[in-house]
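Asker:
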Amino acid sequence: MLLLLLLLLTCTTLYFFHDRNVRSKASYKLPPGPSPLPIIGNLHQLGKNPHHFSAILAKIHGPIMTLKLGQLTTIVISSAEMAKIVLQNYDQFLSNRTVPEAVRVHNHHVHSIAFMPITPLWRFLRKICNNQLFANKTIGATQDLRRKKVQELLGKIHQSSQIGEATLFVAGTDTITSTLEWAMTELLSNPNTMKRAKRELEETIGKGNQVEESDIARLPYLEAILKETFRLPPSVPFLIPRKADTDVEINGYTIPKGSQLLINVYAIGRDSNVWKNDTNLFSPERFLGLETHVKGRHFELIPFGAGRRICPALSYAMKILFLMLGSLLNCFDWKLENDSKAEDIDKKQEFGISLRKAKPLRAIPIKVNN
Ligand code: HEM
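All the letters of the sequence shown, read from the start, carry residue numbers 0 to 369 under numbering that gives the first Met the number 0.
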């Protein structure tokens, strides 16, 4: 009983101070949002898939919206236009990270480039990424290694195909694996898209051949499939959370200093002001003839983020995805386990830093002869 009273007293005191703090900043006009409960704010509303729920809320409250995640004021961006304003015009004030306790206890905010603040050390590490690790020269020099690794993968899948085993697309926290799994899921759900992709590969590099890096520029339909995979079930549903270093005024609203900024990539991929036709339809064709790329300048498609904190491994990741997906499609035919139908594929998502398939895809490879 005493414990309960103490807890109640602590909560009331916290709420009182927090409330006073907000009122002392009455000149702020926070972006609109759903009413928060004391202490927990809107946490109870977010559920298992916060990217879905905040996309629904954004339809009511708008593309710049306030949520209270416990005591943390969080501004959620849900349209391409608003993402452009935030990440292009105000990137310099919004480049630090909010660091969750789970990351802090392991000291990742000190050692990990993804969570450390903008400091000379961060700049130094980014320079190493840009000029050494992921520089064109380095990526070019390691081409043989990737070819060999893809060859090994194809060899293992060939063994599975000989015993009719389903190839499990092991879902991990890894963004490349989850992108690949979503791409295969969508292709197996859309047999016509699969056929068109295989036809392009067959006509461009010959049936049954492994994709080489020099082939990439000649595979526009495969590229469109990867972009559509990034749009529809994005492997990273929210960009890694950012923090406002100062008050930032946007469209008459304030992103207050110290607040957390979330960019909902999932919602942006469904922004009906940008994406015409059925936004929920997997249709790589929508990218054919468009200049849209994933390098952080077209804000309707920012799977790798944008601005100073853009993913430094972007072009390396894209190369690997081309090689793996293209080779899997060109060297094998694929069917679903237990003769399931395309419409039976379970596409439920499991939220995390990367968006995984709740139920891993199981598909059976059948070797294609060249
Ligand atoms: C499909 C694959 C990948 C996707 C979709 C992806 C996406 C992202 C996103 C959205 C961010 C945050 C950007 C922002 O805050 O604006 C990020 C940051 C980062 N990514 Fe990736 N990534 C992928 C692969 C990789 C790989 C393979 C590596 C390394 C080998 C990597 C290393 C990093 C690092 C170090 C950061 C932190 C950059 C910083 O905070 O300064 N990523 N990535």
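Don't be surprised by glycine CBs; every beta carbon is placed ideally from N, CA and C.
Bear in mind the structure is a predicted one, so any value in this text is a computation, not a measurement.
1) Please identify the residue among Ala216, Glu349, Pro33 whose C-alpha is closest to the C-alpha of glutamate 199.
2) Can the beta-carbon of leucine 187 be found closer than 9 angstroms to that of tryptophan 333?
3) Report the option in His60, Gly306, Gly288, Leu287 whose CA atom is closest to the CA atom of lysine 294.
4) Asparagine 95 bridges to which residues according to DSSP?
5) Mapping the DSSP letters down to three states, classify alanine 182 as helix, strand or coil.
6) What residue from Ala196, Ile84, Gly32, Lys58 has the CA that sits closest to isoleucine 249's CA?
7) Provide the residue span of the alpha helix (DSSP H) that contains phenylalanine 229, from first to last.
8) Could you tell me if the beta carbon of serine 77 falls within a distance shorter than 8 angstroms of some heavy atom in the ligand HEM?
9) Name the DSSP bridge partner or partners of glutamate 349?
10) Is any heavy atom in the ligand HEM found nearer than 8 angstroms to the beta carbon of tyrosine 315?
11) Between the beta-carbon of isoleucine 239 and the beta-carbon of arginine 96, is there less than 9 angstroms?
12) Kindly examine the ligand HEM and report whether one of its heavy atoms sits closer than 8 angstroms to the Cβ of alanine 305.
13) Express the C-alpha separation of serine 271 and threonine 387 in angstroms, rounding to a whole number.
14) Given that a residue counts as buried once 16 or more other Cβ atoms are within 10 Å of its Cβ, and exposed if not, what is isoleucine 162?
15) With C-beta atoms as the reference, is glycine 46 less than 9 angstroms away from leucine 71?
16) Mapping DSSP to helix, strand and coil, what is leucine 327?
17) Name the residue from Val98, Gln131, Asn130, Cys128 whose alpha carbon lies nearest to the alpha carbon of methionine 115.
18) Given 8 angstroms as the limit, is there contact between the region 345-355 and the region 203-222, that is, 3 or more CB pairs closer than that?
19) Would the region 261-276 count as touching the region 52-64 if we require 3 or more Cβ pairs under 8 angstroms?
20) How far does the alpha helix (DSSP H) with glutamine 259 in it reach, from first residue to last?
21) Please list, in chain order, all residues of the same chain as glutamate 299 whose beta carbon is under 6 angstroms from its beta carbon, the five residues on each side excluded.
22) For the ligand HEM, is there a heavy atom less than 8 angstroms away from the beta-carbon of cysteine 310?
23) Please report how far the alpha carbon of glycine 32 lies from the alpha carbon of asparagine 276, in whole angstroms.
24) Is alanine 113 close to the ligand HEM? I mean its beta-carbon at under 8 angstroms from any heavy atom of the ligand.
25) Short of 7 angstroms in beta carbon distance, which residues of its chain neighbour threonine 228, apart from the five on each side in sequence? Order them along the chain.
26) Whole angstroms are fine: how far does the CA of asparagine 130 sit from the CA of lysine 358?
27) Just reading off the beta strand (DSSP E) that threonine 137 is part of, what are its end residues?
28) What I want to know is whether the C-beta of leucine 45 ends up closer than 8 angstroms to one or more non-hydrogen atoms of the ligand HEM.
29) What residue ranges within the region 77-123 form continuous alpha helix (DSSP H) runs of no fewer than 4 residues, ordered along the chain?
30) Using a Cβ-Cβ cut-off of 7 angstroms (strictly less than) and excluding sequence neighbours within five positions of asparagine 48, which residues of its own chain qualify?
31) Here's the rule I'm using: 16 or more other beta-carbon atoms within 10 Å means buried, otherwise exposed. How should phenylalanine 123 be labelled?
32) According to DSSP, simplified to helix, strand and coil, what is lysine 58?
33) Please determine if the region 311-319 and the region 132-152 are in contact, where contact requires at least 3 C-beta pairs separated by less than 8 angstroms.
34) Closest to aspartate 244 by CA distance: which of Asn337, Thr253, Phe237 is it?
Answerer: With the structure as the only source:
1) Cα-wise, what sits closest to glutamate 199 is Ala216.
2) For leucine 187 and tryptophan 333, yes; Cβs fall inside 9 angstroms.
3) For the set His60, Gly306, Gly288, Leu287, the Cα lying nearest the Cα of lysine 294 is the one of Gly306.
4) DSSP lists Lys242 as the beta-bridge partner residues of asparagine 95.
5) If DSSP states are grouped into helix, strand and coil, alanine 182 belongs with the helices.
6) Comparing Cα-Cα distances from isoleucine 249 to each of Ala196, Ile84, Gly32, Lys58, the minimum goes to Ile84.
7) 219-230 is the span of the alpha helix (DSSP H), which, as asked, contains phenylalanine 229.
8) Serine 77 Cβ: outside cutoff for every heavy atom of the ligand HEM.
9) DSSP links glutamate 349 through a beta bridge to Arg355.
10) The answer is yes for tyrosine 315.
11) Contact flag set, yes.
12) Yes, the ligand HEM has a heavy atom inside 8 angstroms of this Cβ.
13) Coverage of the chain is limited to positions 0 through 369, which leaves residue 387 absent and any answer about it impossible.
14) Answer is exposed; the Cβ neighbour count stays below 16.
15) Contact: no.
16) It is helical.
17) Checked all of Val98, Gln131, Asn130, Cys128; the closest Cα to methionine 115 is Val98.
18) These segments do not touch.
19) Contact holds: three or more Cβ-Cβ distances are below 8 angstroms.
20) Not the alpha helix (DSSP H): glutamine 259 falls in the beta strand (DSSP E), residues 259-262.
21) Cβ neighbours of glutamate 299 beyond the five flanking positions: Ala79, Val273.
22) Checking every heavy atom of the ligand HEM against the Cβ of cysteine 310, one is found closer than 8 angstroms.
23) Approximately 28 angstroms between the Cα atoms of the pair.
24) Because some heavy atom of the ligand HEM lies under 8 angstroms away, the Cβ of alanine 113 counts as near it: yes.
25) Thr178, Trp181, Ala182, Glu185, listed in sequence order.
26) Looking at the backbone, the Cα of lysine 358 and that of asparagine 130 are separated by about 39 angstroms.
27) Threonine 137 -> not in any beta strand (DSSP E); alpha helix (DSSP H) instead, spanning 135-140.
28) No, since every heavy atom of the ligand HEM falls outside the 8 angstroms radius drawn around the Cβ of leucine 45.
29) Listed in chain order, the alpha helix (DSSP H) elements of length 4 or more contained wholly in the region 77-123 are 79-83, 100-103, 107-110.
30) Take asparagine 48, set aside five residues on each side of it, and the residues of its chain with a beta-carbon closer than 7 angstroms to its own are Gln348, Phe350, in chain order.
31) Looking at its Cβ environment, which holds fewer than 16 other Cβ atoms inside 10 Å, phenylalanine 123 is exposed.
32) If DSSP states are grouped into helix, strand and coil, lysine 58 belongs with the helices.
33) These segments touch.
34) Here the closest residue by C-alpha is Thr253.
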